[in-house]
Amino acid sequence: KAFNTVSHQHMMSGLKKRGVDEHFINLIQNMYDNTTTHIKTKDGIPTLIKILKGVKQGDPLSPLLFNLALDPLLCRLEKKGKGFQHEMFTITAMAFAEDLVLLSNSWEGMAHKITILETFCDLTGLKTQGEK
9 KAFNTVSHQH MMSGLKKRGV DEHFINLIQN MYDNTTTHIK TKDGIPTLIK ILKGVKQGDP
69 LSPLLFNLAL DPLLCRLEKK GKGFQHEMFT ITAMAFAEDL VLLSNSWEGM AHKITILETF
129 CDLTGLKTQG EK
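End of the sequence shown = 140 in the working numbering, gap-free, step of one.
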C-alpha cells in the first residue's frame with residue numbers, strides 16, 4: 009500500500025537531500041510529472057487520469073526511490089525512538105522495500121515510535137497497513 013501513496017514531491021525532496029545529481033533528479037521528475045492512465049467507461053470513452061502519487065509498479069528504480077523517501081523516517085526513528093536492546097546494539101526498526109517493522113523494549117517506546125510514524129505519514133502522504 010505504501011508504494012502507491014508516497015507523494016512525488018516527497019520523493020524528489022529525498023533525492024535532493026541525498027545529494028543526487030540535478031540532471032538525474034530532473035529526469036525522474038519528468039518521468040513522474042507526465043504519468044497518466046486511462047480508464048474505459050461504460051460508454052467506451054477512455055478517461056485520462058493524471059497520477060499524482062506513488063512509485064511506478066515494476067520499474068527497477070521504484071524500490072530505490074521508495075527507500076529514499078522512507079529514509080528520513082528511519083533516521084528519525086534511529087535518533088528519537090527507543091529501540092530493542094540486543095547486546096551492544098539498539099535496533100529501532102527494520103525495513104525492506106515497503107515493509108517496516110518497529111521494535112521496542114516497552115509499550116511506551118512503541119507508542120512513541122507509532123507517533124513518529126503517524127507524523128511522518130501525515131507530512132509525506134504515506135499510508136500504512138497497520139494490521140499487517
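Just so it is clear, CB atoms sit at the ideal spot from N, CA and C, and this is done for glycine as well.
Thinking just about the alpha-carbon of each residue, which of the options is nearest to the one in residue i?
i	options	result
S70	D130, H46, E106 and T136	E106
I124	F104, L72 and T100	T100
F32	A119, L131, F128 and L73	L73
Q65	A119, Y40 and L108	Y40
N75	W115, S112 and L108	L108
F104	K25, F128, K87 and D79	D79
P68	I36, H120 and F97	I36
K24	A77, I47 and N38	A77
L131	V28, L81 and G27	L81
Once you ignore the five residues that flank residue i on each side, which residues in its own chain have a CB closer than 8 Å to its CB?
i	result
G117	G89, K90 and G91
T43	K58, I59 and K64
E126	none
G133	T13, V14, S15, H18 and K61
T49	T55
I122	L110
F128	P80, L81, R84 and L134
By Cβ distance, which residues of its chain are closer than 6 Å to residue i, with the 5 residues on each side in sequence left out?
i	result
E86	T100
T98	G91
For residue i, I'd like the list of residues in its chain whose CB is within less than 7 Å of its CB, leaving aside the five on either flank, ordered along the chain.
i	result
L56	T44 and H46
Q93	N113
Alpha helix (DSSP H) segments (min. 4 residues) lying fully within the stretch 21 to 99 | With a minimum length of 4 residues, the continuous alpha helix (DSSP H) runs that stay inside the stretch 21 to 99 are 30 to 41 and 70 to 88.
Curious, which full-length beta strand (DSSP E) runs of at least 3 residues does the stretch 98 to 131 contain?
-> List check, beta strand (DSSP E) in window: 101 to 104 and 107 to 110.
Could you say if the stretch 14 to 22 and the stretch 61 to 78 meet the contact criterion of at least three C-beta pairs nearer than 8 Å?
-> The stretch 14 to 22 vs the stretch 61 to 78: in contact.
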